[in-house]
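Visitor: Handing you a structure now.
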Amino acid sequence: MSHSAEIRIKSKNILTLNAFIKFMKLISVIGTRPQLIKASVLSTQFSSDKLDHKIIDTGQHYDPELSNIFFEQLFDKDAKFSNLNVDFKKEIDFYSKCLTALEKIFIKDKPDVVICYGDTNTSVIAALVASKMNIKLAHVESGLRDFSDIRPEEKNRIIVDRLSNFLFCPTPNAVKNLDEESKLYPVSKHFFTGDVMRDLFLKMKDKFSKPDIDLPDKFNIVTLHRQENVDNEENLKNIVRSLNDISLEIPMIFPIHPRTKKMLDSNDLNLNCLEIPPQGYLQFQWLLDKATNIITDSGGVQKESFFHSKKCLLIYEGNTGWTELEEKGFFEISKPIYNSIIEAYTGLQFNQKINNKDVDYIFGKGNACEIISNFFRTLEK
Ligand code: UDP
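Numbering-wise (my numbering), the sequence shown opens with residue 43 and increments by one.
Structure, rendered in structure tokens:
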């Protein structure tokens with residue numbers, strides 16, 4: 043090979059390398075089970091698109107039961123993680139320690155974009171640090187609103203969206219909400235991507251598998267963890283009483299969240315359910331698929347019921363922000379009041395299977411991660 047040909051090959055390689063290096067350096071900040079689940083599917087997409095991505099876990103809901111299995115089931119082996127390892131007792135303590143710890147990591151790692159997910163304290167913390175350090179912020183699950191002014195989740199969504207540079211909307215109504223807000227003040231770039239949880243569901247649905255436990259042929263499934271339901275003694279008593287009565291008819295399987303277990307024990311409340319540990323994603327989806335009825339207070343499970351073409355009973359005050367589901371009556375909703383739960387459950391009995399033909403229109407075709415990843419690939423450093 044001539045000397046000049048060798049130089050040309052070298053410079054071509056350098057150009058290719060430069061093009062690669064130009065991609066944005068991305069850091070996702072997560073702290074709860076649903077955020078771990080959402081980050082997993084994006085992380086896989088980033089890795090196949092060769093984007094430089096790292097995940098930082100604040101430990102907001104740290105519990106091995108809620109996290110270990112997801113690393114095994116959902117993440118690529120080469121996914122990069124680190125934990126903040128902050129020791130905290132109260133919310134403000136958590137905020138102050140995470141703010142400082144995250145700033146140190148961002149100074150060291152120099153991300154071009156910080157990605158946050160949903161409406162948790164972890165997302166607000168990531169948004170505040172990124173914004174103070176002039177790092178671009180991207181919000182996955184942007185634009186959801188329940189139009190309450192009291193709910194902590196609503197406050198968090200508004201703060202994060204106001205600070206975000208790139209707002210990825212999971213539903214058409216989320217886009218509409220931000221369009222409306224942009225009439226009042228500038229809202230950064232926002233567009234429909236679809237829901238990353240829909241992506242995960244479609245990607246994994248052939249792998250859903252039975253948990254390794256004895257189960258009755260017919261069962262209902264319940265999940266319960268919202269602060270307003272489990273930390274309020276009266277609400278928790280109402281819910282337990284109604285679940286116990288419903289269980290007389292169909293056995294109830296309860297993958298119990300550690301927070302709920304603690305509150306049931308400390309209030310001396312007995313549940314007449316088959317309590318099982320929190321399940322991995324694949325096992326939990328299998329249970330949703332096979333359950334006769336789904337009862338939940340989870341925003342995520344409410345959506346997944348819809349993915350399974352099932353109506354669920356949502357124990358919730360107000361709405362979850364997934365307003366398309368509410369508008370179309372795709373769930374029965376009840377406040378944590380005994381009579382109202384029983385009544386909503388009766389409504390559910392006659393209406394379990396629903397037609398979810400609108401699912402692609404509402405949550406996308408399963409390519410939300412691809413859209414988001416392509417967007418990052420077009421950004422120049
Ligand atoms: N989930 C799970 N195992 C369980 C219970 C829930 O994998 O035992 C998943 C569920 O499929 C959904 C997510 O956890 O994707 C929902 O999380 P959670 O209910 O904790 O939070 P929310 O969605 O209300 O924010």
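Ideal Cβ positions, reconstructed from N, Cα and C, are used throughout, including at glycine. Everything numeric in this text was worked out from a predicted model, so none of it was measured.
Taking only the alpha-carbon atoms, compute the straight-line gap between R301 and G101 and give it to the nearest angstrom.
Guide: In the sequence shown, the residue the question calls residue 301 occupies position 259. In the sequence shown, the residue the question calls residue 101 occupies position 59. The straight-line gap from Cα to Cα measures roughly 14 Å.
Visitor: Output the distance between the C-alpha atoms of H45 and K64, rounded to the nearest integer angstrom.
Guide: Sequence index remark: in the sequence shown, residue 45 carries index 3 (1-based). Sequence index remark: in the sequence shown, residue 64 carries index 22 (1-based). With a pLDDT of 45 at H45, under the threshold of 50, the predicted position of this residue should be treated as unreliable, and no value is reported.
Visitor: Are at least three pairs of beta-carbons, each pair with one atom in the stretch 168-175 and one in the stretch 193-210, less than 8 Å apart?
Guide: A contact exists between the stretch 168-175 and the stretch 193-210.
Visitor: Could you tell me the boundaries of the alpha helix (DSSP H) in which C140 lies?
Guide: Position 98 of the sequence shown, counting from 1, holds the residue named residue 140. That run of the alpha helix (DSSP H) goes E133 to D151.
Visitor: Between the alpha carbons of I201 and N314, how many angstroms are there, rounded?
Guide: As a position in the sequence shown, residue 201 is number 159, starting the count at 1. As a position in the sequence shown, residue 314 is number 272, starting the count at 1. Whole-angstrom Cα-Cα distance: 41 Å.
Visitor: Helix, strand or coil: how does DSSP classify F250 here?
Guide: As a first step, residue 250 must be located in the sequence shown, where it is residue number 208. Here F250 sits in coil by DSSP.
Visitor: Can you list the beta strand (DSSP E) stretches of 3 or more residues lying completely in the stretch 221-293, in chain order?
Guide: Segments of the beta strand (DSSP E) lying fully in the stretch 221-293: 231-234 and 262-265.
Visitor: Tell me the rounded alpha-carbon separation between W328 and H350.
Guide: Position 286 of the sequence shown holds residue 328. Position 308 of the sequence shown holds residue 350. Going from the Cα of W328 to the Cα of H350 covers about 10 Å.
Visitor: Taking CB distances under 9 Å as the criterion, tell me whether D94 reaches chain D.
Guide: Annotation note: the requested chain D is absent from the structure, which comprises a single protein chain.
Visitor: Comparing alpha-carbon positions, which option in D105, I79 and D118 lies nearest K92?
Guide: Here residue 92 refers to the residue found at position 50 when the sequence shown is read from its first residue. Answer by Cα proximity: D118.
Visitor: What's the C-alpha gap between K304 and H267?
Guide: Mapped onto the sequence shown, residue 304 falls at position 262. Mapped onto the sequence shown, residue 267 falls at position 225. The straight-line gap from Cα to Cα measures roughly 11 Å.
Visitor: Take the Cβ of E422 as the centre, count every other Cβ of all protein chains shown within 10 Å, and call the residue buried at 16 or more, exposed below.
Guide: The residue you call residue 422 lines up with position 380 of the sequence shown. Flag for E422 reads exposed.
Visitor: Using 10 angstroms around the beta-carbon of P258, count the other beta-carbons present and answer buried if the total reaches 16, otherwise exposed.
Guide: In the sequence shown, the residue the question calls residue 258 occupies position 216. Per the 10 Å Cβ criterion, exposed.
Visitor: For F88, report the span of its alpha helix (DSSP H) as first-last.
Guide: Your numbering for residue 88 matches position 46 in the sequence shown. Here the alpha helix (DSSP H) through F88 covers R75 to S90.
Visitor: Using the beta-carbon count (16 or more within 10 Å), is P228 buried or exposed?
Guide: On the sequence shown, position 186 is the one that residue 228 refers to. The residue is exposed, with fewer than 16 neighbouring Cβ atoms inside 10 Å.
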